[in-house]
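Participant:
Protein chains in written order, with our numbering: chain A, 21 to 228; chain B, 21 to 228; chain C, 21 to 228.
1) Taking 6 Å as the limit between beta carbons, can you name the residues of its chain near residue 47(B), skipping five residues before and five after?
2) Taking Cβ positions only, does residue 46(C) come closer than 9 Å to chain B?
3) Starting from residue 59(B), follow the alpha helix (DSSP H) in both directions and report where the run begins and ends.
4) Using a Cβ-Cβ cut-off of 7 Å (strictly less than) and excluding sequence neighbours within five positions of residue 117(C), which residues of its own chain qualify?
5) By the 10 Å Cβ neighbour count, where 16 or more other Cβ atoms means buried, how is residue 90(A) classified, buried or exposed?
6) Classify residue 173(B): buried if its beta carbon has 16 or more other beta carbons within 10 angstroms, exposed otherwise.
7) Taking the alpha helix (DSSP H) that residue 222(B) falls in, what are its first and last residues?
8) Taking the C-alpha atoms as reference points, what is the distance between residue 50(C) and residue 124(C)?
9) With 9 Å as the threshold, decide whether the Cβ of residue 222(B) is near any Cβ in chain C.
10) Suppose only complete runs of 4+ residues qualify. What are the alpha helix (DSSP H) ranges in the segment 150–192 of chain B, listed by chain order?
11) Consider the Cβ of residue 99(A): report whether some Cβ of chain C lies at a distance smaller than 9 Å.
12) Run the CB neighbour count on residue 92(A), radius 10 Å, all protein chains shown included, and call it buried at 16 or more, exposed below.
13) Using the beta-carbon count (16 or more within 10 Å), is residue 103(A) buried or exposed?
14) Which residues, in chain order, does the segment 106–123 of chain C contribute to contact with chain B at a C-beta distance below 8 Å?
15) Give the DSSP-derived three-state secondary structure of residue 90(A) in the structure shown.
16) Excluding the 5 residues flanking residue 71(B) on each side, which residues of the same chain have their C-beta closer than 6 Å to its C-beta?
17) Would residue 44(A) and residue 146(A) qualify as a contact pair, given that the criterion is a beta-carbon distance under 9 Å?
18) With DSSP as the reference, label residue 122(C) as helix, strand or coil.
19) With a cut-off of 9 Å, does the C-beta of residue 103(C) fall near any C-beta of chain B?
20) Using CA atoms only, rank isn't needed, just tell me which of 166(A), 33(A), 220(A) and 134(A) is closest to residue 208(A).
21) Give the DSSP-derived three-state secondary structure of residue 112(A) in the structure shown.
22) Indicate the three-state DSSP secondary structure (helix, strand or coil) for residue 127(B) in the structure shown.
23) Going by CA-CA distance only, name the one from 99(C), 185(C), 202(C) and 220(C) that's closest to residue 148(C).
24) Got a sec: is the Cβ-Cβ distance from residue 176(C) to anything in chain A below 9 Å?
25) In chain B, what lies closer than 9 Å to residue 196(A) by C-beta?
26) Nearest CA to the CA of residue 36(B): which residue from 55(B), 183(B), 101(B) and 120(B)?
27) Does any residue of chain A bring its CB to less than 9 Å from the CB of residue 73(B)?
28) Short of 7 Å in beta carbon distance, which residues of its chain neighbour residue 95(A), apart from the five on each side in sequence? Order them along the chain.
29) Do you know how far the Cα of residue 88(A) is from the Cα of residue 76(A)?
30) Do residue 202(C) and residue 171(C) have their CB atoms nearer than 9 Å?
31) If you drop the 5 nearest sequence neighbours on each side, which residues of the same chain put their C-beta closer than 8 Å to that of residue 115(A)?
32) Report all residues from its chain with a CB closer than 7 Å to the CB of residue 97(B); omit the five preceding and five following residues, and keep chain order.
33) Looking at residue 165(B): is its Cβ nearer than 9 Å to the Cβ of residue 190(B)?
34) When the Cα atoms are used, what is the spatial distance from residue 188(A) to residue 131(B)?
35) Residue 176(C) to residue 150(C), Cα distance in whole Å?
36) What residues from chain C crowd round residue 218(B), counting only those whose CB sits closer than 7 Å?
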C-alpha cells in the first residue's frame, strides 16, 4: 500500500553484480593459469587482487545490511548469498596458492576440464545474480540454477575419474595426496556455486 | 480464521514420503551390495535407478514450491529438506560408483557396520518424514531425530576405529587413501541424515 | 506495544553462555594437551567431560525451544547457533581422541599454533555470545565476529604451510595422512567458530 513511499534499495544488487564479476574473473584467471602454467605466479597475484576486491564488496554488503531498513529480500538470504559467493572466490584463490606451495610442475588435463566447468558455473551464477533485480525473470534465473546443478554433476564425474586414474597410475603416494587435494579444491568451488544457486532458487521461490 | 477456505497442500508430504522411500531403498541396496560384493555391478545399477527417481521427486517438489501459494511450512525449510534428502541418496550412489571405479575387491567388516548404521538412519528419517503431516506426532518425530543423532555418533566411532586400524595395518598408502575415502563417503551420508533431522527438528519446533 | 506484558525469555542466553564456556574450556584443555603431551590421556578425559556437559546444554536448549512461546530471536537461528557451537566442541574432542587412536607421539609446532588460534576464536565467540542479550552492544558483537573471521584466515595460512611442509619432508605417506587429518580437524573447528559468528552476525543484522 505504502510501497510507493519506500525507496527500493538497489545497492545490494550492485554489490551482487560486482561480486559475481570478481568470481567470473577468478574463474577465468584460474583457467588461464592452468593453460600457461609457466606464468603462474603472475596469475596467482591477479587472483589475490580479485579475492581482495571481493572481500571488500562482501564487507560493504554486510555493512549495508546493517544500515538499511528495507531490504529487497530476506536479510538472512542476502547474508548467505554474499557469504557463499565469497567462498567461491576464496576457494579458487586458495587452490592456486596451494599449487604454488606444493611446488606443482605439470597440469593434468582433467584439472583443466574441471577448471572450465568452474568457469562456466561462475558465468551462470553471474547471469542468475544479474536477473535477481527483477523476479519477472524468474525463468531465466531458475534455468541458470539448473545449469549450475548440471555442471556440478559433470564436475563430480570428472573428479571421480581423475582420482581413480591417480590411484591406479601414480606410484608416489604424496603426489596422489597433493593432486587429490587440488582436484577437490576445484570441485569444492563448483559445489559452492551450487550452494549459491540453491539460495537464489529459494529467493525466487519465496518472492516470485 | 479463513483456514477452512484454504486447501491444505499435502502434495509436499507425498513427495517427502516418496523421496524417503528412495533413500531407504538406497541404504538397503548398499548394504546388500556389501554383503554380496560379487554381484556389485547389478546393485550399482539399481542404486543409480533409485538416485534418478529421487532426483525427479526433488525437481517435482521444487516446481510445486514455485506454483503453490500456501505451503504446509516455511518454503525455505521445504527446499532444504528435499535438497538434503537428495544429498543422502547422491552420497550413497556416489560411494558405490567410486568403489567400482577404484576396483575394490574385498569389503572390510567395519564398512558393513557403517552401512547398516546408514540404513538404520534412513529408516528413522522415513519415520520422521512420514509423521510431519501431523505435528501432533511431534514426540514420535523428535524421537526419530534423536535416534538419528545417536546413530551419527555411533558412526563416527566406527569410522575413527576403522581408519586407525587402516593407518596401523595397511602398508600400501594408496589403499589407505582409497579406503579412507570410502569410509568417509558413508560417514558423510550418515551426517547428511543428521542434517535432515536438524531441519525436521526446526520445523517441529517452529510449528508444533 | 504489548511488549511489557510478555516476559522476556533469558534462559536461552544462560544456555549460550554455559555452552560458550564449555567451548572455551575445550580450546584451553586442547592447547594444554599439546603443550604437555605426555599427560594427554588425562586431558582427553577432561575434554570428554566438557563435551558431555555441552551436549546436555544443547539438549536443554532444544527442549526450551519446544516449550517457549516467545523466543528472544528467530527459533531457527537459536537452533543453528547452539548446534554449531556444539560442533565446535565435538570437533575438538574428536581431534584429541583421534590423536590417541592414531598413536601420535610428537607434536609439530604448527599444530600448537593452530590450536592457539582455535582457543582465541572460542574466546571471541564467548564474547559475542555474552553480548547477544543486549543488541545495543551490536558493535562489540560484530567486532568479535570480524576477529573470528580474521582468525580463520590466519588458521588457513598456517594449515596450508604445515601441509606443504609435510608433503615436502615426511617420507612415510601414512604419517602424512595422519597429520593432514589432525591439522584439518583443528582447522574445521576454527571454521565452525566462523559459522557460529556468521549466524550471530545474521541475528544482529536482523534485530539490532
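The beta-carbon is built from N, C-alpha and C at its ideal position, and this holds for glycine as well.
Predicted model only: the values in this text are computed from it and were never measured.
Facilitator: Put simply:
1) Non-local C-beta neighbours of residue 47(B) in its own chain, meaning closer than 6 Å and more than five positions away in sequence, comprise 138, 139 and 142, ordered along the chain.
2) At a cut-off of 9 Å between beta-carbon atoms, residue 46(C) makes no contact with chain B.
3) Run containing residue 59(B): none; DSSP gives neither H nor E here.
4) Correct list, in chain order: 64.
5) With fewer than 16 Cβ atoms within 10 Å of its Cβ, residue 90(A) is classed as exposed.
6) Burial call: exposed.
7) 193–227 is the extent of the alpha helix (DSSP H) around residue 222(B).
8) Each residue's Cα considered, the two are about 14 Å apart.
9) Chain C has a Cβ within less than 9 Å of the Cβ of residue 222(B).
10) 158–189, all fully within the segment 150–192 of chain B.
11) Output row for residue 99(A): interface = yes.
12) Note on residue 92(A): 16 or more other CB atoms within 10 angstroms of its CB, so buried under the neighbour-count rule.
13) Burial call: buried.
14) Sequence-ordered contacts of the segment 106–123 of chain C with chain B read 114, 117, 118, 121, 122 and 123 [C-beta pairs closer than 8 Å].
15) Secondary structure of residue 90(A) (DSSP, three-state): coil.
16) Once the five neighbours on either side are set aside, the close Cβ partners of residue 71(B) are 109 and 113.
17) Yes.
18) If DSSP states are grouped into helix, strand and coil, residue 122(C) belongs with coil.
19) Yes, residue 103(C) counts as interfacial toward chain B.
20) Checked all of 166(A), 33(A), 220(A) and 134(A); the closest Cα to residue 208(A) is 134(A).
21) Residue 112(A): helix per DSSP, three-state reduction.
22) DSSP places residue 127(B) in coil when its eight states are reduced to three.
23) Measuring from the Cα of residue 148(C), the nearest candidate turns out to be 220(C).
24) Residue-level contact check: residue 176(C) touches chain A, since one or more beta carbons of chain A fall below 9 Å from its beta carbon.
25) Listed along chain B are 193, 194 and 197, each with a C-beta nearer than 9 Å to that of residue 196(A).
26) Of the candidates 55(B), 183(B), 101(B) and 120(B), the one whose C-alpha sits nearest the C-alpha of residue 36(B) is 101(B).
27) No, because no Cβ of chain A sits closer than 9 Å to the Cβ of residue 73(B).
28) Around residue 95(A): 85.
29) CA-to-CA, the gap between residue 76(A) and residue 88(A) works out to about 18 Å.
30) Their beta carbons are not under 9 Å apart, which means residue 202(C) does not touch residue 171(C) by this criterion.
31) Excluding its 5 nearest sequence neighbours in each direction, residue 115(A) has C-beta neighbours in its own chain below 8 Å: 50, 202, 205, 206 and 209, listed in chain order.
32) Taking C-beta separations shorter than 7 Å and ignoring five residues to either side along the sequence, the partners of residue 97(B) in its chain run 219, 222 and 223, following chain order.
33) No Cβ-Cβ contact shorter than 9 Å links residue 165(B) with residue 190(B).
34) Spanning the two alpha carbons is a distance of roughly 22 Å.
35) Using only the alpha carbons, I get a separation of about 27 Å.
36) Neighbours of residue 218(B) on chain C, chain order: 103.
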